[in-house]
Amino acid sequence: MNASLTANLNPQQAAAVELPAEHALILAGAGSGKTRVLTTRMAWLLSTGQVSPAGILAVTFTNKAAKEMLARMTAMLPLNPRGLWIGTFHGLCNRMLRLHHRDAGLPEQFAILDSQDQLSAIKRVLKLLNIDDERYPAKSCQHFINGNKEAGIRSAALQIWDEHSRVMKAVYEEYERQCQREGVVDFAELLLRCYELLNGNASLRAHYQQRFRHVLVDEFQDTNTLQYAWLKLLVGPESAMFAVGDDDQSIYAFRGANVGNMHDFQRDFAVKHVIRLEQNYRSHSNILTAANAVISCNRNRLGKQLWTDSEDGELLRVFEGLSDFDECEFVVGEVQALIRDGVPANDIAILYRSNAQSRVLEHGLFTAGVPYRVYGGLRFFERQEIKHALAYLRLIASPEDDNALLRVINFPTRGIGARTVDTLQENARLAGTSLWQVACSGGLGRSGAAVGKFVQLVEVMRTQTQGLPLPEVVAIMLELSGLTAHYRADKDGEDRLENLGELVTAAAAFIAEDENTIVAFLSHASLEAGDHQANAQQDAIQLMTVHAAKGLEFHSVFLTGLEEGLFPHENSMSDPKALEEERRLMYVAITRARRRLYLSLAQSRMLHGQTRYAPGSRFLGEIPPEVLRYLNRGYAPQTAYISKQETHTPSTPKAAPEHGLAIGMTVQHHRFGVGVVTDYEGGANGNVQVNFAEHGSKWLAVAYAKLQAVSN
DNA sequence: TATGCGCTTTTTTTT
DNA sequence: AAAGCGCATA
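Each residue of the first sequence is one higher than the one before, starting from 1 at the first, in full-length UniProt numbering.
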């Protein structure tokens, strides 16, 4: 039986699966069968009787990954999924906090704030403290609070340096108080609270350490400081931690992920088993060659070289368009050709660095009648109509939820204006109670009647839905609240109505596999905002950012917008660390392709309403020319030589131009025609690099080239 | 309370 | 170019 589990694994994979119960770090390259190893490891542990399902804790970052892991496990062994602790960091912390809410200092029915809710909660704090939100924008307070929570720092521990730090500390402090008073918890709080629960409660900690003999972590390179600290508390002297990650695919440092955790893990736990999974089963060899070459330009790596025994495959196709429209036209044409050749549409992806780039592509695909699907954007549970509906549910479950009350007290409008809400908040502040309590006690003058009716409405919703199955609760709430009527009356409300209907369906689906409580459903909504997509996937090509593509693979991939300033993004170009992250992003992008990879760029592009000119991405220049095939003439990989220089010599600040030329400027040359200035060095006696439409990119001596500016 | 105009601001994103 | 936001007006 054990043999059958590892039968189809390569020696490294099998070794990883069958490691003894000791700490291990698996460095798993892109497409090397990481998830397979993780799930097989668990199945092996269970089937050899080393551990019972209750003794396993497996952590992932996304619900999708958790679901996939569970699905693959149950395919290998029949299991009751309820006994297993497989989930996201947040999901597992939520589970633990619900079980020990008293020890954690939380009400049994605590609500979870998503980022939007958190932001509005912070706005209330700013208002309460009379803080100038020009100088202290809610967004930056949110960033500050989350940053500190992820570093495990409470407001009380903050040092005051100046006025700014004093205000930030005050905001954080009041925000903590407010959340505690209202019984709500934000995402970072789920982790921090759970960390503190275990840290401050030795017997509980010992209990879980005893219980979880095997702690398995997926995408370990993406863990932040707090997540790692939480793991350290859970892993006891008799537990083994099995961490799988790829430092080369760490693309979330910008939001707090700490790749250094991989290194720290080896040191903190004296890890004896480090296994590298370097054989790639996904891509043809030329694609891997490109990926390896690019990533090898990074300095800080744990070191790993992907290889494959598959054939070379095609060369990577490079297309340089004159404009973003030109690039788009090319992409659309190739997509159509691929589909004609029988590549399934959903096995084709168009990737880009930033969401704004999707617009042109969407337009092109739409015009050409190619079915496509854009990933990202607004998620189901984040839509305003859904948030409104959830707020009513939250009020039914716990009326003291001020955030929820504020959201819907006047939606649909019922004559409770900003003034009334202000008075309500002021009275609540004075009395030190919730808005709901104040609303119940009346005494609000002219608008008191409207508030009274709202209180009644919530009461009626609660009594009428008492004890009913969740989908019915949702349906009744939608009617009584007036949400359905409101969107029915709205000429543009059709989609929203449909989504509200979908919410009832979601509730039905939820009780089919989980509990029948409103609170559980609300947690589900906060923690799995993304999973519930309203429109099912048909056979359509996929458009998404490179970030969103992580973990996915496609037969053919179009990597678009390979220009300096776009990819790498301009905000990352001055910081070497950020630049390395961009390069890892490039590595992730390249390794998404199984068979065919297109690399495309445009000489000019509409960006922020302006036409911008940028030279080709340095990353393109880091790919060995032998694996590239330039589809349109004239654009040999000159960018390579510039970027090679840039990569290997410390970047020197450019001297101020004395010749009046600037990067992006269109110029005319007597022999080479029209081109765009892409670089220069030295002053009037120096050189200038011009990318000519007809003759490609050239370095010319400024003094002799006699370039003339062309206005456009 | 709703609407519309002019102003600003543009990475990446899960939970 | 487009979307979000604050403020003024109907």
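We put the beta carbon where it would ideally sit given N, CA and C, even for glycine.
For the 8 Å Cβ check, are there 3 or more pairs between the segment 294-310 and the segment 269-278? yes
Look at the alpha carbon of L378 and the alpha carbon of A253, and state the distance between them as a whole number of angstroms. As a first step, residue 378 must be located in the first sequence, where it is residue number 378. As a first step, residue 253 must be located in the first sequence, where it is residue number 253. Cα to Cα, L378 sits roughly 23 Å from A253.
Tell me the DSSP secondary structure of A14 in three-state form. For the purposes of this step, residue 14 is taken as residue 14 along the first sequence, with counting starting at 1. DSSP places A14 in helix when its eight states are reduced to three.
Taking DSSP as the reference, what is the three-state secondary structure of A655? The residue you call residue 655 lines up with position 655 of the first sequence. Because A655 carries a pLDDT of 40, less than 50, the predicted location of this residue cannot be relied on, and the following value inherits that uncertainty. Residue state, collapsed to three classes: coil.
Strictly by DSSP, which residues pair up with R629? The count along the first sequence starts at 1 and reaches residue 629 at position 629. R629 pairs with R317.
Beta-carbon proximity check, I541 vs N346, cutoff 8 Å: For the purposes of this step, residue 541 is identified with residue 541 of the first sequence, where counting begins at 1. For the purposes of this step, residue 346 is identified with residue 346 of the first sequence, where counting begins at 1. Yes. Within cutoff.
With a CB to CB cut of under 8 Å and the five nearest residues on each side skipped, what residues in its chain are close to N298? Stepping through the first sequence from its first residue, residue 298 is reached at position 298. D248, E580, R583 and R584, listed in sequence order.
Contacting residues, own chain, Cβ-Cβ under 7 Å from A534 (five flanking each side not counted): What you label residue 534 is simply residue 534 of the first sequence in a count that begins at 1. The predicted model places A534 with a pLDDT of 43, which falls under 50 and marks its position as unreliable; any figure quoted below should be read in that light. Around A534: F380, N499 and E502.
Give the secondary structure of L707 by DSSP, where H, G and I count as helix, E and B as strand, and everything else as coil. As a position in the first sequence, residue 707 is number 707, starting the count at 1. In this structure, L707 counts as coil in the three-state DSSP scheme.
Per DSSP, Y598 forms a beta bridge with which residues? The residue labelled residue 598 in the question sits at position 598 within the first sequence. DSSP, once it has assigned bridges, lists R317 and F558 as partnering Y598.
Are there 16 or more other CB atoms within 10 angstroms of the CB of A330, so buried, or fewer, so exposed? In the first sequence, the residue the question calls residue 330 occupies position 330. According to the sequence shown, residue 330 is Phe rather than Ala. Counting Cβ neighbours within 10 Å, F330 comes out buried, since at least 16 surround it.
With 16 other Cβ atoms within 10 Å as the buried cut-off, status of I350: Locating residue 350 in the first sequence gives position 350, where the first residue counts as 1. Looking at its Cβ environment, which holds 16 or more other Cβ atoms inside 10 Å, I350 is buried.
Measure how close the beta-carbons of D218 and T60 come, nearest whole angstrom, since I'm counting them as under 8 Å. For the purposes of this step, residue 218 is identified with residue 218 of the first sequence, where counting begins at 1. For the purposes of this step, residue 60 is identified with residue 60 of the first sequence, where counting begins at 1. Going by Cβ atoms, the distance from D218 to T60 rounds to 4 Å, so yes, they are a contact pair.
Distance, P399 Cα to V473 Cα: Taking the first sequence and counting its residues from 1, the one referred to as residue 473 is at position 473. Taking the first sequence and counting its residues from 1, the one referred to as residue 399 is at position 399. Rounded to the nearest angstrom, the two C-alpha atoms are 16 Å apart.
In this structure, does DSSP put F242 in helix, strand or coil? As a first step, residue 242 is located in the first sequence; it is residue number 242 there, counting from the start. Strand at F242.
Within a Cβ cutoff of 8 Å, which residues of the same chain sit near P237, ignoring the five residues on either side of it in sequence? Against the first sequence, residue 237 aligns to sequence position 237. Excluding sequence neighbours, P237 sits near Q209.
Return the first residue and the last residue of the alpha helix (DSSP H) that Q487 is part of. The residue you call residue 487 lines up with position 487 of the first sequence. For clarity, residue 487 is Tyr in the given sequence; the question names Gln instead. L483 to A489 is the span of the alpha helix (DSSP H), which, as asked, contains Y487.
In terms of residues, what are the limits of the beta strand (DSSP E) holding Q279? As a working note, residue 279 is residue 279 in the first sequence. No beta strand (DSSP E) holds Q279; DSSP gives it neither H nor E.
From the DSSP secondary-structure annotation, give me the bridge partner or partners of R373. Within the first sequence, the letter at position 373 stands for residue 373. Looking at the DSSP assignment, R373 forms a beta bridge with Q542.
Could you pull the start and end residues of the beta strand (DSSP E) that I112 belongs to? As a first step, residue 112 must be located in the first sequence, where it is residue number 112. It spans A111 to L113 - the beta strand (DSSP E) in which I112 sits, taken as one unbroken run.
Across the segment 336-344 and the segment 321-328, are there enough close Cβ pairs to call them in contact, namely three or more that are closer than 8 Å? no
Ends of the beta strand (DSSP E) at Y352? Within the first sequence, the letter at position 352 stands for residue 352. That run of the beta strand (DSSP E) goes I348 to Y352.
Candidates F567, L700 and I26, of which the one nearest Q221 by Cα: Against the first sequence, residue 221 aligns to sequence position 221. With distances taken between Cα atoms, Q221 lies closest to I26.
Look up I26 in the DSSP assignment and give the residues it is bridged to. If you number the first sequence from 1, residue 26 lands on position 26. Paired residue(s): V244 and I275.
With distances taken Cα to Cα, identify the nearest neighbour of V627 among V667, L424, H388 and L316. As a position in the first sequence, residue 627 is number 627, starting the count at 1. Taking only the C-alpha atoms, the option nearest V627 is L316.
Within its chain, find whatever has a CB closer than 6 Å to the CB of A28; leave out the 5 residues flanking it on each side and keep chain order. Taking the first residue of the first sequence as 1, we reach residue 28 at position 28. Closer than 6 Å at the Cβ level, and outside the excluded window around A28, lie K34, V244, D246 and L277.
Secondary structure of I623, DSSP reduced to three states: The sequence position of residue 623 within the first sequence is 623, counting from 1. Reduced to three states, the DSSP call for I623 is coil.
So, using beta-carbon positions, are G87 and A66 closer together than 8 Å? Counted from its first residue, the first sequence places residue 87 at position 87. Counted from its first residue, the first sequence places residue 66 at position 66. Yes, these two residues count as a Cβ contact at 8 Å.
P107 versus T420: straight-line alpha-carbon distance, rounded: Residue 107 sits at position 107 when you count from the first residue of the first sequence. Residue 420 sits at position 420 when you count from the first residue of the first sequence. Answer to the nearest angstrom: the Cα atoms are 29 Å apart.
Where DSSP assigns a beta bridge to residue 730, which residues make up the other side? Given a span of 1 to 712 for the chain in the structure shown, any question on residue 730 remains unanswerable.
Excluding the five sequence neighbours on either side, which residues of its own chain have a C-beta within less than 7 Å of the C-beta of H100, listed in chain order? The count along the first sequence starts at 1 and reaches residue 100 at position 100. Taken in chain order, the residues that qualify are L197 and L204.
DSSP three-state assignment for W85, whether helix, strand or coil: In the first sequence, counting from the first residue as 1, residue 85 sits at position 85. In the structure shown, W85 sits in a strand (DSSP, three-state: E or B).
Q668 - containing alpha helix (DSSP H), residue span: To locate residue 668, count along the first sequence from 1; it is residue 668. Note, Q668: premise wrong, no alpha helix (DSSP H); beta strand (DSSP E) at T666 to H669.
Below 8 Å CB to CB, which residues in the same chain sit around V185 once its five sequence neighbours on both sides are set aside? Position 185 of the first sequence, counting from 1, holds the residue named residue 185. If we look at V185 and ignore the five residues flanking it on each side, its Cβ neighbours are L97, L106, F110, A111, I112, L113, C179 and R193.
Let's see if you can read the secondary structure: which residues bound the beta strand (DSSP E) around A58? Indexing the first sequence from 1 puts residue 58 at position 58. Segment I56 to T60, the beta strand (DSSP E) holding A58.
Checking 8 Å against the spacing of the C-beta atoms, do Q668 and V674 come in under that value? The residue labelled residue 668 in the question sits at position 668 within the first sequence. The residue labelled residue 674 in the question sits at position 674 within the first sequence. Taking 8 Å as the Cβ cut-off, Q668 and V674 qualify as a contacting pair.
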